[in-house]
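Inspection log for the structure reproduced underneath, given as structure tokens.
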Ligand SMILES: NC(=O)c1ccc[n+]([C@@H]2O[C@H](COP(=O)([O-])OP(=O)(O)OC[C@H]3O[C@@H](n4cnc5c(N)ncnc54)[C@H](OP(=O)(O)O)[C@@H]3O)[C@@H](O)[C@H]2O)c1
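Numbering (the numbering used here), first residue to last: 10 to 272.
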């Protein structure tokens, strides 16, 4: 780029947009997934919305379409690989290529000391939060001949002790590891893989933590910003990681926690 004349700023490429891209978001019927899907649509992407319940997805899709966007709602259980494959088959039939994938749907069926978790709750957490992420990435990679970008929603609970949410924390640590390994394995094919690790975000998933002063303080008391987040505050990072503005970023975990883990 030639040097700018004195007193002027160099021209900057405006790359933080998703024009002409198709992005599939899991867990898009509410919370962080809905916020990411809406932000992707505002940035110019057509969005494929997935979660188990069709009615919740239909509402979000209608609202996105009402604002001039393109949205395709498809019900699928992320713990069931056959449903994940069918989801991608329909999305590819509709749009040709899916350029971006946001793995966001997760579960946390047990809250309590780790030693007390039942086998079924343990298996369920692994099934959705880890195997589910792997199933969608496998389906995404099959059709991503020209490359693409994957964003895995992890958690700060995968980066440090997760009292009372231990197995959930194990899966989120696994998501960070999976992100790094798949960045290494898929990078030569032009697929970037990154993660976002949110702190406490006000959603149905985290309502018990947000509403309880003591539990909420576990996240907010050490955070320089001294508060929890709203779902929209996680979405901007996802748009960046899906966009060409992050074309040299892969294997990274973007922490969005109000500074909690930095202190
Ligand atoms: N909220 C927080 O404080 C926080 C902090 C760190 C990380 N996170 C992570 O952020 C992500 C989103 O959480 P959230 O707080 O936004 O939760 P949420 O508001 O409860 O939304 C969860 C979404 O996932 C879908 N879902 C759940 N199980 C599914 C399954 N088996 N298959 C397909 N879809 C499924 C739900 O829709 P259906 O019920 O229709 O399936 C819903 O759309 C998760 O990965 C979570 O671990 C959240």
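Glycine included, every Cβ here is placed at the ideal spot set by N, Cα and C.
- The stretch 144 to 153 and the stretch 237 to 248 do not touch, with fewer than 3 CB-CB distances between them shorter than 8 Å.
- Here residue 106 is not near residue 134, since their CB atoms are 8 Å or more apart.
- Taken atom to atom, the span from the alpha-carbon of residue 162 to that of residue 45 is near 11 Å.
- For the 8 Å CB-CB criterion, residue 249 and residue 255 form a contact.
- Residue 172 has its alpha-carbon roughly 7 Å from the corresponding atom of residue 122.
- If you keep only unbroken beta strand (DSSP E) runs of at least 3 residues inside the stretch 154 to 196, you get 157 to 162.
- Boundaries of the alpha helix (DSSP H) harbouring residue 150: 141 to 152, taken from the DSSP string.
- At least one heavy atom of ligand 1 sits closer than 7 Å to the Cβ of residue 214.
- Only residues of its own chain outside the window of five on either side were considered, and among them 156 have a CB closer than 7 Å to the CB of residue 198, listed in chain order.
- Within 7 Å of the C-beta of residue 35 there is at least one heavy atom belonging to ligand 1.
- Pairing residue 209 with residue 195 gives a Cβ-Cβ distance that is not under 8 Å.
- DSSP, read as helix, strand or coil, puts residue 122 in coil.
- Residue pairing by DSSP leaves residue 41 without any beta bridge partner.
- Here residue 235 is exposed. Its C-beta has fewer than 16 other C-beta atoms within 10 Å.
- When the five nearest sequence neighbours on each side are left out, the beta carbons in the same chain lying within less than 6 Å of the beta carbon of residue 67 are those of 82, in order along the chain.
- Residue 48 places its beta carbon 8 Å or farther from that of residue 62.
- Shortest gap from the CB of residue 122 to any heavy atom of ligand 1: 7 Å or more.
- Per DSSP, residue 247 is one residue of the alpha helix (DSSP H) stretching across 241 to 251.
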